[in-house]
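Below is one structure, written out as C-alpha cells; the observations come after it.
In this note's numbering, the protein residues as written are 71 to 155.
What follows is the structure in C-alpha cells.
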C-alpha cells in the first residue's frame with residue numbers, strides 16, 4: 071500500500087490531534103496544503119493523509135471519505151490487476 075487518505079470534518083482539530091499522536095509512532099507532518107490537506111509519514115514520504123470533508127472541490131475522488139492507493143512496480147502490473155478485476 072502506498073498511502074491512505076481520510077476525510078475529516080474539522081481540519082484544524084484533526085491536525086492538532088494527529089500532530090500530537092502520530093509523533094509518538096515516529097510520524098511527522100511532511101506536507102500541508104492550506105486547510106485542505108496534510109500528509110504524515112516517515113523519512114519524508116507522506117503515507118497518511120487528512121483531507122477536508124464536505125467540500126466538493128477537495129473531496130477524495132468519488133468515494134468522498136476514504137482513498138486507498140496501492141503501489142505497483144510497472145504499467146504491466148497495473149494492467150494485470152485491472153484484467154483480474
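Built from N, CA and C at the ideal position, the CB exists for glycine as well.
Among 153, 112, 73 and 107, which residue has its Cα nearest to the Cα of residue 82?
Residue numbering aside, residue 82 sits at position 12 when the chain shown is read from its first letter. Taking only the C-alpha atoms, the option nearest residue 82 is 107.
Let's see if you can read the secondary structure: which residues bound the beta strand (DSSP E) around residue 107?
On the chain shown, residue 107 is found 37 positions in, with the first residue counted as 1. Segment 107–112, the beta strand (DSSP E) holding residue 107.
Just the C-alpha distance for residue 92 and residue 123, rounded to the nearest angstrom, thanks.
Residue numbering aside, residue 92 sits at position 22 when the chain shown is read from its first letter. Residue numbering aside, residue 123 sits at position 53 when the chain shown is read from its first letter. Rounded to whole angstroms, residue 92 to residue 123 spans 20 Å at the Cα level.
Nearest-angstrom Cα distance between residue 149 and residue 100?
Along the chain shown, read from residue 1 onward, the residue named residue 149 stands at position 79. Along the chain shown, read from residue 1 onward, the residue named residue 100 stands at position 30. Rounded to the nearest angstrom, the two C-alpha atoms are 31 Å apart.
Kindly indicate the opening and closing residues of the alpha helix (DSSP H) around residue 84.
Here residue 84 corresponds to residue number 14 of the chain shown, with the count starting at 1. That run of the alpha helix (DSSP H) goes 81–92.
Under 8 Å Cβ to Cβ from residue 119, same chain only, skipping five residues before and after it: list those, please.
As a working mapping, residue 119 is identified with position 49 in the chain shown. If we look at residue 119 and ignore the five residues flanking it on each side, its Cβ neighbours are 73, 74, 75, 76, 107, 108, 109, 110 and 137.
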